[in-house]
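Q: Here it is, the structure in full.
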Amino acid sequence: MRARRCNPKPDPYRPEGMRHLAKMAGIGMVLAAAAACGQAANDTAAPAAGNGTFAPPAPSSSPAPSSSKDLPVPPPAKPGKPTQAVPEDSMILQPAQIDATQLPADYPREVSVSNGGTVLNIRAQEGGCGHVSAAPIEQTDKRVVINLVQTQAQTDQMCTMDIRTPVVTATLGAPLGQRTVVLQEAPRKR
0 MRARRCNPKP
10 DPYRPEGMRH
20 LAKMAGIGMV
30 LAAAAACGQA
40 ANDTAAPAAG
50 NGTFAPPAPS
60 SSPAPSSSKD
70 LPVPPPAKPG
80 KPTQAVPEDS
90 MILQPAQIDA
100 TQLPADYPRE
110 VSVSNGGTVL
120 NIRAQEGGCG
130 HVSAAPIEQT
140 DKRVVINLVQ
150 TQAQTDQMCT
160 MDIRTPVVTA
170 TLGAPLGQRT
180 VVLQEAPRKR
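Position 77 (the sequence shown) corresponds to 76 in numbering that gives the first Met the number 0; numbering is contiguous.
Right under this line is the structure:
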């Protein structure tokens, strides 16, 4: 009786390249998935003749809109609700008309007026699960004081560590005119 060897010869029916087949198949699937993710999807393409392929959309004979009047206009934001853009009809205030000395040094200092001077559009700062809002707390002949309040979400919620700079609005009782806008950060709410 013959003793078995510790390292037997490989199976003679197994080709040499089969040893790495599983690894190569896995790498091929990863590359195919990565290539598919990198391609932009064409949402306007339609199936051609039911064969499962997609044909490019037919060129349109209608002319492109020639002015911004043809494009839909987004509805104005409700006062206090944050957006990312300042309304087009707004006028940016000069830095001399903004008193932001009570804000942290890295806080945005951008204020504009719209709607005949009765709406202030304020670039604010929020982060994580917090959401910022603006509220006028004092309106005199000389100045308008705006509280910027960041409301925190529930404590049992996981939050991201990011800083966003949305535009929040505050409605005034009368047009701003030459009054100074005083921005201050109020304590956080829960």
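Every residue, glycine too, gets a C-beta built ideally from N, C-alpha and C.
1. Relative to the C-alpha of V166, which candidate in I97, Q83, V29 has its C-alpha closest?
2. Over what stretch of residues does the beta strand (DSSP E) that includes N114 continue unbroken?
3. Rounded to the nearest angstrom, what separates R187 and V29 at their Cα positions?
4. Might you give, ordered along the chain, the residues of its own chain that have their beta carbon closer than 6 angstroms to the beta carbon of V181, omitting 5 neighbours on each side?
5. Taking M90 as the reference, which of P103, V110, T100, Q101 has the closest Cα?
6. Would you report the Cα separation of G176 and L92, rounded to the nearest angstrom?
7. Can you pull the DSSP bridge partners for N120?
8. Might you give, ordered along the chain, the residues of its own chain that have their beta carbon closer than 7 angstroms to the beta carbon of V85, omitting 5 neighbours on each side?
9. If you drop the 5 nearest sequence neighbours on each side, which residues of the same chain put their C-beta closer than 6 angstroms to that of C158?
10. In angstroms with no decimal places, state the Cα-to-Cα distance between R178 and A35.
11. Locate the beta strand (DSSP E) running through P135, then write down its first and last residues.
12. Going straight from the alpha carbon of A33 to that of A24, what length do you get?
A: Per the coordinate set shown:
1. Q83
2. Neither: N114 is in no beta strand (DSSP E) and is coded neither H nor E.
3. 46 angstroms
4. In its chain, beyond the 5 residues on either side, D98, R142, V144 have a beta carbon closer than 6 angstroms to the beta carbon of V181.
5. V110
6. 10 angstroms
7. S111, T168
8. S111, N120, V166
9. These residues qualify, in order along the chain: G127, C128.
10. 57 angstroms
11. The continuous beta strand (DSSP E) containing P135 extends over residues 130-138.
12. Taking the CA atoms as reference points, A33 sits about 14 angstroms from A24.
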